[in-house]
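For reference, the structure discussed in these notes is given below.
In full-length UniProt numbering, the protein residues as written are 1 to 765.
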């Protein structure tokens, strides 16, 4: 089979991509070979005659809403077999269920007024049957794939309209019975709280219970695999409820408006659960002041083991939450405590952290997720023999149970890609037509979410109420509390273990390991007062809205994700790591290579709030991350649905969904390509990580970009003249643009594409 680009076909209200598909339908012996009695499939090519058939594939590229709905009825005839699924998964970005249903039933379902092209004779019984069959096929797919679209309490207008149509046109059909049952189901169902598992409000607690800091002994009583299974159980229940269209960039980016506070509740629920796991890790490690160093190290080891169990269960959500917590500022800086963690556990921790390395646009985690999306069990590899043995043993136990595992993804990866697609591609094309090529690209991501949701049906986990109640009871520490406790714990550790002399000696010996090419420079100290405490305080953004991984307890929509081996601050390889004992006399021998193999966080000063693992914020609603000022890591974010990485957050080649179409390059953050790019614009006076992603081209001037930025920040676009746009060059340098400057050509392309929108200073008159 070969494909050939057939160009475009333009109709009134629609543009189609045409592809010619050439298929071999027969291979026969030529005349001479037949005379000799030869068979076509047994002869060399020169003695055969091939017959081909060329068919035309028409895929709608852009159109009016009316044309897109009409195409639901003609897509199969045009050989665009995936169109119905793509439309149903993405139409909420440009239309409501009621608008689509009314067009489908009133315009095309009404035989007296229908102008559907395939119906040559409206009085023909055959034509009526064809049209009814097409509409029934679309409705069946709609109910199968997106039944939640009809959940409109308390009136359920769309379901009632559909039921009325079926009674008149398809009485006593299976479809009619199905819609009636769905209506009864919706009417009888109580409103289900999508965050029922992870809420820590007192209303969800058993009578007499109060929020409490974790008791180390109680936490230690839970076996590692039990904790991992229960976290997976909660994650599975929430992820299966995620409505895929809630993840669309055009919808998710609107959730910070006041009228949209309840938008995308299924996505918010997964973020809340992620937050709860991260905060639980931090509170169990720091919540008890009386813990000795060795006891605190044992809790860290336990969480690393739990993370490993999550890896075996293919639960990448809780796995990342645990790793993020261990790399949060307050935990990452516990140098002395980390020195008491055994070498084998540190190696396991490093390998788990590398899964989420941001190298090459998180290629490792993306490939691993797709590799294991439909596999029965996890594919575990370890460079450490001891860890490999343990992993294989635990995996074998899972296999012996005979129960397949599903896969729970880190949802942030998909949110990032969809936000980037929404920013990079226009909603409408010339003539005001809806850009359906954009929806095809979005569907590629949505389809992956649906595939993983389907795989979650393979899990067979039983809730452990004892653990779930313990998990709900945990009182999470605020950022101030966790940082204060971290300083106290490390100060006590330094006093009890290392004398000033030995401490100075240790630092000196460690620093000598970094005199080669890999020089470690501690990040600048950033005072706790310099960044907002408690997350975004309601400031939802396209990017990070918090400065650290510890949040205000009341801010339930902020998810924290911390740096995992960023390019500028890689987690150092720890093979040959000599510090596995809590004794001050532990060997500090230098590896023969002369370059340190110590974990980099062991080199951070206790007084550095922004340590090597300095926190990045995960925006509650958007789920994004960007590093704080003063951090040694770059501003490129780990999980940034609003802007993407320096190398782009989505694959940059747009191959489209139609075979034979030439690929094109999509605009990305921090790189100018083909006359366009994506910049990040924050408002002056807000934290630098609260920004919006803006697509600009080489035709855009200051007023255009300013107006777009104001709209994104939900401000009055008419106030363009009151603002100036500046690019941040460094901490003490800015590039101020003249009023009518071309932003694309005027910007500094050698630094991050980070801009500030600032109100102009009042004229002194």
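Cβ atoms here follow ideal geometry from the backbone N, Cα and C, with glycine treated the same way.
- The segment 284-295 makes contact with the segment 324-339, as at least three CB pairs between them are under 8 Å.
- Counting of Cβ neighbours within 10 angstroms places residue 737 among the buried residues, the total reaching 16 or more.
- Inclusion of residue 173 and residue 136 in the CB contact set at 9 Å is warranted, their separation being smaller than that value.
- Distance from the CA of residue 676 to the CA of residue 670, rounded to the nearest whole angstrom, comes to 11 Å.
- For residue 446, the uninterrupted alpha helix (DSSP H) segment begins and ends at 436-455.
- In the three-state reduction of the DSSP assignment, residue 55 falls in the strand class, which pools E and B.
- In the three-state DSSP reduction, residue 62 falls in the strand class (E or B).
- Boundaries of the beta strand (DSSP E) around residue 696: 691-697.
- For residue 447 and residue 754, the gap between their C-alpha atoms comes out near 32 Å.
- Between the segment 61-79 and the segment 420-438, the count of Cβ pairs shorter than 8 Å is three or higher; the stretches touch.
- If you ignore the 5 residues before and after residue 224, its C-beta comes within less than 6 Å of the C-beta of 305, 306 and 309, all in its own chain and listed in chain order.
- In this chain, the beta strand (DSSP E) harbouring residue 758 covers 754-759.
- Shown here for residue 707: same chain residues with a beta carbon closer than 6 Å to its own, the five before and five after excluded, namely 717 and 720 in chain order.
- Within the DSSP bridge table, the entry for residue 735 names 727 as partners.
- In chain order, 701 and 702 place their CB closer than 7 Å to the CB of residue 740, counting only its own chain and leaving out the 5 sequence neighbours on each side.
- For residue 482, the secondary structure class from DSSP, reduced to helix, strand or coil, is helix.
- Counting along the chain, the unbroken alpha helix (DSSP H) around residue 224 starts and ends at 224-241.
- With the rule of 3 Cβ pairs closer than 8 Å, the segment 453-461 counts as touching the segment 406-418.
- Following the DSSP letters along the chain, one finds residue 682 inside the beta strand (DSSP E) bounded by residues 676-683.
- Cβ-Cβ separation between residue 410 and residue 317: approximately 5 Å, consistent with a contact (criterion under 8 Å).
- Within the same chain, 373, 407 and 409 come within 7 Å of residue 452 by CB-CB distance, once the 5 residues on both sides are set aside.
- When secondary structure is reduced to three states using DSSP, residue 9 falls in the strand class.
- Distance between residue 18 and residue 78, taken at the CA atoms: about 10 Å.
- For the UniProt domain "N-terminal Ras-GEF" (56-187), the full-length alpha helix (DSSP H) segments reaching 4 residues or more read 65-74, 83-90, 97-102, 125-145 and 157-169 along the chain.
- Contact check for residue 72 against residue 10 fails: the beta carbons are separated by 9 Å or more.
- When only Cα atoms are considered, residue 142 and residue 148 end up about 10 Å apart.
- Counting of Cβ neighbours within 10 angstroms places residue 734 among the exposed residues, the total staying below 16.
- Linking residue 81 to residue 87 through their CA atoms gives a straight-line distance of about 11 Å.
- Using a 10 angstroms sphere on the CB of residue 54, the tally of other CB atoms stays under 16, which defines it as exposed.
- 9 Å or more divides the Cβ of residue 299 from the Cβ of residue 221.
- Within the model, the alpha-carbon separation for residue 323 versus residue 345 is close to 13 Å.
- Within the DSSP bridge table, the entry for residue 4 names 20 as partners.
- One alpha carbon belongs to residue 51, the other to residue 109, and they sit about 41 Å apart.
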